[in-house]
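Notes follow once the structure below has been shown.
In the numbering used here, the protein residues as written are 3 to 169.
Given below as structure tokens:
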């Protein structure tokens, strides 16, 4: 049994159009939402043994903020360039290559790949994982190499706007 958390980076800034996409930082909302979602994970006592991020500045910043709140050492965060705007197929390849010593993996990345992977693995029909959205579930596999469509069951799907008070 493996557990997977898929997290889309928090909201990024488009203020400076001269900055390359990979270097875009989080905007004000993103800087608020990442710690908020970190607290939501802490309440659920989430403790990943692997935190793997896209090298994009916005993904790493989201990962670091959440790591700090859930008590995961920043020095243990890993990046993988394949996660930057990865397709569903690339994400499956990354997951399949993880060490089986990891039982709880948390990946930080981008749409549309994360949404497509979610729908495939967990058999969902989610239209879009919003910024700083978290999809979590159990994978009915013994090794990461067994990751495939339909291998998981959804635990929860959470995102900042889902929890904002109305009115």
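Ideal Cβ positions, reconstructed from N, Cα and C, are used throughout, including at glycine.
Query	Result
Beta carbon of residue 116 nearer than 8 Å to that of residue 10	yes
Span of the alpha helix (DSSP H) around residue 36	30-45
Touch test, the region 145-156 against the region 120-135, Cβ-Cβ under 8 Å, three pairs minimum	yes
The region 3-19 touching the region 31-42, judged by at least three CB pairs closer than 8 Å	yes
Option nearest residue 83 by Cα separation, candidates 46, 74, 76, 93	93
Alpha-carbon to alpha-carbon, residue 121 and residue 70	29 Å
Reference residue 23; option with closest CA among 47, 58, 46	58
Residue 4: first and last residue of the uninterrupted beta strand (DSSP E) it sits in	4-10
Own chain, CB closer than 6 Å to residue 108, minus 5 neighbours either side, in chain order	7, 50, 53
Distance between residue 103 and residue 141 (C-alpha atoms, nearest Å)	15 Å
Contacting residues, own chain, Cβ-Cβ under 6 Å from residue 118 (five flanking each side not counted)	90
Those residues which DSSP pairs with residue 151 across a bridge	DSSP lists no partner for residue 151.
Alpha-carbon spacing of residue 55 relative to residue 87, whole angstroms	11 Å
C-alpha distance - residue 135 paired with residue 159, whole-angstrom precision	7 Å
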